[in-house]
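Mind the numbering: the sequence shown is residues 1 to 278 in UniProt numbering, read in order.
For every residue, glycine included, the Cβ atom is placed at its ideal position computed from N, Cα and C.
Quick caveat: nothing in here was measured; it's all calculated off a predicted structure.
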Amino acid sequence: MTSMDDGTSASTPTNALILPNVIYPVIEQLDKSGYKDIQTDLRTTFFKLEELYPGFSRSFLQTFINKEMPSLSSTINMNELTLKLEKYCDKSSYFISSSRSEQEFHELNIRSKNLKRILSRIPDDINEKREFLETIKEIASAIKKTLDSVSNTYQYFKTADGRQALENEKKEFIKYSKNFSNTLKAYFRDSKRDDVYIAANHLLVQTDYLLRTIKLYCETDTLDDCLYPLLSHHQNQSRIISSSRYSSNSNQQSHNIRQSSSSSGNNRPTSSYETGYT
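The structure is reproduced here in structure tokens:
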């Protein structure tokens with residue numbers, strides 16, 4: 001098996017998407033072949049292996065392709081594959097459930113889903129410059145709308161820990177939005193498509209983290225821990241904090257959540273996202 005990623009390479013967001021975009025959908029099809037009873041165990045096993053050995057799922061998939069489909073091994077680009085498959089994946093469980101009827105959560109679901117859908121079109125649209133430029137404009141608009149929707153949910157966070165956690169994730173989202181913008185500008189100079197795919201995958205991942213944080217603090221339902229693979233590319237280290245869920249149930253009062261390493265400034269990040277492509 002090929003060496004596994006150490007969690008610091010540029011391809012780390014792609015590694016994180018291998019599970020939800022490639023392997024989980026395959027596992028979900030096992031019930032049609034009479035293997036429904038092992039689906040949960042397989043899903044949990046892959047998740048735990050990915051946590052212990054970041055990049056395991058990608059290494060496993062690449063080894064399988066090399067052995068079973070050698071003619072495709074040199075043509076499959078994992079960064080492109082995970083990005084392109086995003087629009088075909090059922091990720092309804094990533095979004096805020098119907099238990100929250102507030103318009104702000106409904107709007108957030110729609111806007112974040114739209115952002116992810118447009119990002120997944122990049123591999124198809126990048127070949128035609130005019131079409132790709134239109135896609136870029138759509139992405140910029142979708143990013144701003146998603147950030148506005150995230151800001152609208154602050155009022156439903158009942159604890160300081162929750163508000164700080166969301167603020168941290170929002171800052172990370174803004175950082176990777178700017179990185180995506182800079183990568184696009186570089187692409188029109190050097191035509192490095194893979195850099196664009198990786199930058200887009202970073203945004204997909206961070207969108208999931210925003211949704212994860214909101215689900216954790218604003219829903220009373222139990223969060224499926226296997227939904228979100230270990231993603232450490234946003235930070236040098238993870239910090240665990242104890243927090244209270246938005247729930248009257250005492251046995252769900254403390255939970256762990258990933259936070260970004262300490263950042264300077266206490267101002268809440270704005271949602272402005274302006275890009276210029278020349």
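Item: Secondary structure of Glu68, DSSP reduced to three states; Value: helix
Item: Residues near Cys89 by beta carbon distance below 7 Å, same chain, minus five either side; Value: Pro20, Asn21, Pro25
Item: From Ile27, Lys145, Arg121, Leu85, residue whose alpha carbon lies closest to that of Ser134; Value: Residue identity differs from the one stated: residue 134 is Glu in this sequence, not Ser. The residue with the shortest Cα to Cα distance from Glu134 is Arg121.
Item: For Thr40 and Ser93, the rounded distance between their alpha carbons; Value: 15 Å
Item: For Asn77, three-class secondary structure by DSSP; Value: coil
Item: Bounding residues of the alpha helix (DSSP H) (the contiguous stretch that carries Gln103); Value: 103-119
Item: Close beta carbons around Phe132, own chain, < 6 Å, minus the five adjacent residues each side; Value: Asp125, Ile126
Item: Residue span of the alpha helix (DSSP H) that contains residue 284, given as start and end; Value: Residue 284 cannot be examined here, being either before or after the span of the chain that is shown, 1 to 278.
Item: Span separating the alpha-carbon of Asp221 from that of Arg100; Value: 11 Å
Item: Under the three-state DSSP convention, the category Gly55 falls into; Value: coil
Item: Tyr24, DSSP secondary structure in three states; Value: helix
Item: Presumed contact (8 Å Cβ cut-off) between Ser57 and Ile18, rounded CB distance; Value: 4 Å
Item: Whole-Å CB distance - Ala165 paired with Thr213, under 8 Å assumed; Value: 5 Å
Item: Alpha-carbon spacing of Phe60 relative to Gln155, whole angstroms; Value: 43 Å
Item: Assigned exposure category for Ala16 - 16 Cβ within 10 Å defines buried; Value: buried
Item: Own chain residues within Cβ distance below 6 Å of Thr14, not counting five before or after; Value: Met78, Asn79, Thr82, Asn201
Item: Straight-line gap, Phe95 to Lys215 (C-alpha atoms, nearest Å); Value: 8 Å
Item: From Glu138, Pro123, Arg130, residue whose alpha carbon lies closest to that of Arg111; Value: Glu138
Item: Gly162 (DSSP reduced to helix, strand or coil); Value: helix
Item: Candidates Lys67, Lys32, Val205: closest to Ile174 by CA position; Value: Val205
Item: Extent of the continuous alpha helix (DSSP H) to which Ile143 belongs; Value: 129-152
Item: Check whether Leu211 and Lys170 have beta carbons under 8 Å apart; Value: no
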